[in-house]
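Take a look at the structure below.
Protein chains: 2
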Amino acid sequence: MPPAFRTMYTDMEGEAMGDLRLVKDFQVGEGFFGRYEKLVQEVVLPYQERALNDQIEGAEKSHCIENFRMAAEKLKTGHCDGEFYGMVFQDSDVAKWLEGAAYSLAQNPDEDLEKRCDEIIELIGAAQQKDGYLNTYFTVKEPDKRWTNLHEAHELYCAGHMIEAAVAYAECTGKGRLLEIMCDMADHIYRHFIEEGAEGYPGHPEIELALMRLYRSTKEERYKELALHFINVRGVDPDYYKKEMEKNPWRVWGNNPDDKEYAQNYAPVRQQDKAVGHAVRAVYLYTGMADAAMETGDTELANACKTLWDNITQHRMYVTGAIGSAYEGEAFTKDDHLPNDTAYAETCAAIGLIFFSNKMLYLAHEGKYADVVERALYNCVLAGMQLDGTKFFYVNPLEALPGISGEAQTHKHALPVRPKWFACACCPPNVARLLGSLAEYTWHVIPGTLFSNLFVAGTLDVSDRFGGRVVLKTDYPYDNKLEYRFVPQEGREMMEVPLAIRIPAWSKETKICLNGKTADCEIRDGYAYMRGAYTAEDVITVEFDMAVRRVYTSNRVSANTGRTALQRGPLIYCAEGVDNENDVLSLSLKRDGEVKVSEYLADELFGIKKLYAEGWRETVNEELYSFKRQEAKPCTITFVPYYTWGNRGLNQMRVWIPERD
Amino acid sequence: MPPAFRTMYTDMEGEAMGDLRLVKDFQVGEGFFGRYEKLVQEVVLPYQERALNDQIEGAEKSHCIENFRMAAEKLKTGHCDGEFYGMVFQDSDVAKWLEGAAYSLAQNPDEDLEKRCDEIIELIGAAQQKDGYLNTYFTVKEPDKRWTNLHEAHELYCAGHMIEAAVAYAECTGKGRLLEIMCDMADHIYRHFIEEGAEGYPGHPEIELALMRLYRSTKEERYKELALHFINVRGVDPDYYKKEMEKNPWRVWGNNPDDKEYAQNYAPVRQQDKAVGHAVRAVYLYTGMADAAMETGDTELANACKTLWDNITQHRMYVTGAIGSAYEGEAFTKDDHLPNDTAYAETCAAIGLIFFSNKMLYLAHEGKYADVVERALYNCVLAGMQLDGTKFFYVNPLEALPGISGEAQTHKHALPVRPKWFACACCPPNVARLLGSLAEYTWHVIPGTLFSNLFVAGTLDVSDRFGGRVVLKTDYPYDNKLEYRFVPQEGREMMEVPLAIRIPAWSKETKICLNGKTADCEIRDGYAYMRGAYTAEDVITVEFDMAVRRVYTSNRVSANTGRTALQRGPLIYCAEGVDNENDVLSLSLKRDGEVKVSEYLADELFGIKKLYAEGWRETVNEELYSFKRQEAKPCTITFVPYYTWGNRGLNQMRVWIPERD
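Chains as they are written, first to last, in the numbering used here: chain A, 1 to 661; chain X, 662 to 1322.
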């Protein structure tokens, strides 16, 4: 870890300004994410709430709430009617929805919604056993098998998600009931694994990052100790899952206990140097590790995180910020293996990469980490959701070929249009909770610096520290200008705000002005550290260079040799058939050709700018193989932002386009 | 089917000159395939014989011969020690080896080998049940389950291979014992399926083509009837396998009875228009269909074959003649889906495509069918075997990437070097029997025309028809010249030989001379029909245009857009790392650059010509994604024939190379 190794929380002199506080303190304003915030509030969360309550006609039932009811009934009366239904981790859907709802309540108070949340929380409390244990699968279905199959049974995973929900709900609404419930559960876990010395570590990481959040919110050292415990024991005995299975041979999924990559237990975490296995598990684990490293100042752990982050971003990440090259195991594969059409590239994994990168940002304050947050957010994650919020992709390929995508044996997972809902409902609520907590990625603060990371229009309330608010106005990502203003709290004088503004790697030249004149700032680690500090009268304006850039992949990656992709600002573009005579495979970009940027098209795809690039369209040989080179005629290729693809029916899509003179 | 619809056998005026007769009548001469013939005789067959007898140290045992011994013992004494071992189709390994041995004996008489074959045949006879039934799996292990699982249990498949062996052994050695055994088995099958009316059709086609061979060899009409029966009932009830499983729920593999593509039962065969499912099964089925169509003059069946062949060769075939794009199901996928690195492209499937294409050639006498035989033979099939005959590929990708190939989840099957032997030993003996019977693909005859299809140096004995031999001298495929001479039988005068010489599609201009002067011939359907007929004094010389050609794939195929491959004569070339600074991914071919052909390099890779192409080598960006275009410097790219790849250790290989100005 470079000398810049600083922690956000432990080095704080005054009151810690934790990540979650930001959600309450930041109000999303009008602009790109304003629309998304409304969408989550008005469409995504209500739809998911109905799903959790089995009120969606024609969809596979969730049974989530019903599972909690049954568990509560059983605990009260000794038995319950009906059977547990759903995945072994079904509880986590309720947790993720509650977390998303909490963020929404912080932005848009809603008594009805809050009441319904409180009722669900009471139900959760009623489903908790006397010793603090909470999990409806085990309470209803397998009461004798608690903690006997860490490899597959997701108990710690579910606990982790409910802990996250509890912390979020407490911070956003000020209500501590769920936090109490989950502290009881965390205490139960502590007794089992620490005091009673139970062996093992979770098959699906999540508890680690959740316990770190719980620790930060409650200041209870045992939760940090427990988080570190799960991090530290992982992979020390790589055969733990095997031994566990030999001892208790009941199975949930039939996971292979000899596969030590799938759940990242091939070595102790500080010795891990390749991002392997199930991509979501991996980045959730690394998020917990990075958070723990930041909290404890554990340089060895921080270095492992850095190595793993470098491995991902230099060898195992798509240009959209997606990760996980293979459907099988929903997993990372090998360095420089990034197929476009068969990518797994799960929405949840990109979200996890955002979690991980953001912790790395908090750890090292280097802009490259926020660059990856931005890459994954604006491209893969947003593509995961239909623009109207009603449908979702789990899988986000970089090339879609109707007739093959979603149909060939190798492409069953890579659907060319978003389906309506999933039996395994992990990605949609994950999108909701990420979009609800954008503040965490937009800003962070350490003593002496307020970092502006993403450029989400809105108002950050820093009254307690600086006596006012920082207002960012922008039409980013389509417009290249930012405007920061400082608004004092009524009756107070605003103090100086020490701002550091991220300079994205794609901006060749960035103009920063203070009150219309070139500002004095130091460019370091991907940030413009404004010299001096700014107050109520000041306006800082930033102009990025949003010229269209051509992206090239290292030739180590076979799929993209000879090809290029177009990027403008943080947005990766793609060519879709619907704009290009239903055939994007015959297109190539002219090597030094012009690329024009359209006006802002407010009525298309909820508001975009298109790109029109000089290119070639080749004739299509009818013969499969031919000795005749296809003739190429000049043409204009139309590109739309990748996150908007698949919103206009079934058609071809391609990000990486061959380039020729 | 065009007006040229003629059948090879039924239209014959004189004695039929069947396919198998050719193996005995054709002596491979010195040249490219002379070396292969020796290799099969001296290395491949002896190794396989030892394997069948469990004499290979360190290899998984075959147990093939032992299974027959046990079956014989059980039939004699009522019981046997030990257990059946191996795949349910293990018997077919013995069959394929015997067929290969038969061809070898036809070319190179070998008393010892023939004696050992005769002993094995006696053992096979002793393992046959009184009612003619022959299958060691069922005789030893599951005596009560005969004919209850056609979907998975491969009884008809094993019977088919042993019938092929029987016909081959009879024709090549004149000994009829195995033919008697297999006629008894065929009679048993006839009684069961025709006389007793048992339902169903085989999960793995093979019996159809085998029964056609048996019919042709024995002239027994019932065998043709039985072959047609299996062809005609297939897919009429697409749910047959499902019903069979409900009736007798024992399983071998757990094949999905709802998958109606895997075993080509989605529709009656005459209505099938897409080549689907397990590629070997598909082409074995189509081979039987084409043979039956030829035999019966069934135009509807012939048209279905034509449609399926067109579908394969225009949408589902690699440039190497390989087929089967997906590992899962070892199967065809969808039109125009031809990934290079994850291809299944099984050696056996390319061999099956040769079988099918050759039957189509016999049916229609159009050169395009022989073009595909040649494409698959010289490229995919030969690549299936290490040049020294000791190792084999099942899977023949068109791109190999060490670190990914054979290692990533999606590439476990696509090994970058040939492994030593396989537990499932299907491909190696298939290569042996194909190379042993090249005569069938080299020549065919109908009244009035002797077709020269492949250009394998050697001597065809046509004494019974024309009073002598036709001798082809050539160093094809590296040299472009053919020389045909006509040698009368001693004491006879040679009659006129009506020759039609195939003009491969890759030869832009072909010079054909008779005794040094431009010959009079009619070019039609890919053949030069020599006008007049030629006798003992005449020399026909052919000079093909073997200029290097650039091959382009239709833009319908995503994987190859912007790329080209090099071909010279019938050989597809590839770039390997070992010749190109261990990095072929940074190479691109100069659009109109020169390609030089090396001298014949007798000491390299058992004799090849290399290609040296003008190209570009790009710098490799260390960054995974970069806004900087890689710089390109002129370079010379070295290419070797695809069939020789992977013979010089682990390294990159690529067939399709980006092309740029």
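A virtual CB, placed ideally from N, CA and C, is assigned to each residue, including glycine.
{"Query": "Could you compute how far the alpha carbon of A/Thr644 sits from the alpha carbon of A/Leu387?", "Result": "7 angstroms"}
{"Query": "At 9 angstroms on the CB atoms, spell out the chain A contacts of X/Thr1327, in chain order.", "Result": "With chain X represented from 662 up to 1322, any question about residue 1327 of chain X goes unanswered, as that position is not in the structure."}
{"Query": "Given a limit of 9 angstroms on CB to CB distance, which residues of the region 603-632 of chain A reach chain X?", "Result": "Glu618, Thr619, Val620, Asn621, Glu622, Glu623, Leu624, Tyr625, Ser626, Phe627, Lys628, Arg629, Gln630"}
{"Query": "If the cut is a Cβ gap below 7 angstroms, which residues of chain A does X/Arg1217 touch?", "Result": "Leu585, Val620"}
{"Query": "Could you tell me which of X/Pro1058, X/Lys995, X/Cys966 sits nearest to X/Asp1002, measuring between CA atoms?", "Result": "X/Pro1058"}
{"Query": "At 8 angstroms on the CB atoms, spell out the chain X contacts of A/Met317, in chain order.", "Result": "Leu1285"}
{"Query": "Does DSSP put X/Phe687 in a helix, in a strand, or in coil?", "Result": "strand"}
{"Query": "For chain X, is any of its Cβ atoms less than 9 angstroms away from the one on A/Tyr85?", "Result": "no"}
{"Query": "Hey, which unbroken runs of the alpha helix (DSSP H) at 4 residues or more fall wholly within the region 330-378 of chain A?", "Result": "347-364, 367-375"}
{"Query": "Within 10 Å of its beta-carbon, does A/Glu330 have 16 or more other beta-carbons around it, so buried, or fewer, so exposed?", "Result": "buried"}
{"Query": "Would you say A/Trp506 faces chain X, with C-beta separation under 9 angstroms as the test?", "Result": "yes"}
{"Query": "Roughly how many angstroms lie between the CA atoms of A/Met653 and A/Ser588, to the nearest whole one?", "Result": "14 angstroms"}
{"Query": "My output table needs one value for A/Leu650: the three-state DSSP class, helix, strand or coil.", "Result": "coil"}
{"Query": "Is the separation between the beta-carbon of A/Ala345 and that of A/Thr307 shorter than 9 angstroms?", "Result": "no"}
{"Query": "For X/Arg1192, which residues in the same chain have their Cβ closer than 7 angstroms to its Cβ, ignoring the five residues on either side in sequence?", "Result": "Asp1181, Cys1182, Glu1183"}
{"Query": "Just to confirm before moving on: does the CB-CB distance between X/Ala1061 and X/Ala1044 stay below 9 angstroms?", "Result": "no"}
{"Query": "Does the Cβ of X/Lys1221 have 16 or more other Cβ atoms within 10 Å, making it buried, or fewer, making it exposed?", "Result": "The sequence shown places Asn at residue 1221 of chain X, rather than the Lys named in the question. Under this definition X/Asn1221 is a buried residue."}
{"Query": "Excluding sequence positions up to five away, which residues of its chain have a Cβ less than 7 angstroms from the Cβ of X/Asn1308?", "Result": "Gln1047, Leu1048, Leu1266"}
{"Query": "What do you reckon, are the CB atoms on A/Ala275 and A/Tyr241 nearer than 9 angstroms?", "Result": "no"}
{"Query": "To the nearest angstrom, how far is it from the Cα of X/Gly692 to the Cα of X/Leu1262?", "Result": "14 angstroms"}
{"Query": "Who are the Cβ neighbours of X/Gly1078 in its own chain at under 6 angstroms, not counting the five residues just before and after it?", "Result": "According to the sequence displayed, residue 1078 of chain X carries Val and not Gly. If we look at X/Val1078 and ignore the five residues flanking it on each side, its Cβ neighbours are Gly1307, Leu1311."}
{"Query": "Give the DSSP-derived three-state secondary structure of A/Glu543 in the structure shown.", "Result": "strand"}
{"Query": "Consult DSSP for A/Asp661 and reduce its assignment to one of helix, strand or coil.", "Result": "coil"}
{"Query": "Distance check for X/Ile973 and X/Lys904, CA to CA, integer angstroms please.", "Result": "30 angstroms"}
{"Query": "Going by CA-CA distance only, name the one from X/Val701, X/Arg1185, X/Gly958 that's closest to X/Thr1051.", "Result": "X/Val701"}
{"Query": "How long is the line joining the alpha carbons of X/Phe891 and X/Asp773, rounded to whole angstroms?", "Result": "38 angstroms"}
{"Query": "Specify the secondary structure class of X/Glu1101 as computed by DSSP and reduced to three states.", "Result": "helix"}
{"Query": "I need the DSSP call for X/Gln1228, collapsed to helix, strand or coil.", "Result": "strand"}
{"Query": "Anyone know if the C-beta pair for A/Asn149 and A/Asp91 falls short of 9 angstroms?", "Result": "no"}
{"Query": "Does the beta carbon of X/Pro1000 come closer than 9 angstroms to any beta carbon on chain A?", "Result": "yes"}
{"Query": "In this structure, does DSSP put A/Phe627 in helix, strand or coil?", "Result": "coil"}
{"Query": "Going straight from the alpha carbon of A/Glu374 to that of A/Leu435, what length do you get?", "Result": "13 angstroms"}
{"Query": "Should A/Glu492 go down as buried or exposed, given a rule of 16 or more other Cβ atoms within 10 Å for buried?", "Result": "Before going on, a small fix: residue 492 of chain A reads as Arg here, not Glu. So A/Arg492 counts as exposed."}
{"Query": "Measure the CB-CB distance between A/Arg550 and A/Lys609 and report whether it falls below 9 angstroms.", "Result": "no"}
{"Query": "So X/Gly985 and X/Pro866 are supposed to be a Cβ contact under 8 angstroms. How far apart are they, rounded?", "Result": "Not confirmed; about 15 angstroms, so no contact."}
{"Query": "Verify the CB distance criterion: does A/Pro570 have a CB-CB separation below 9 angstroms to chain X?", "Result": "no"}
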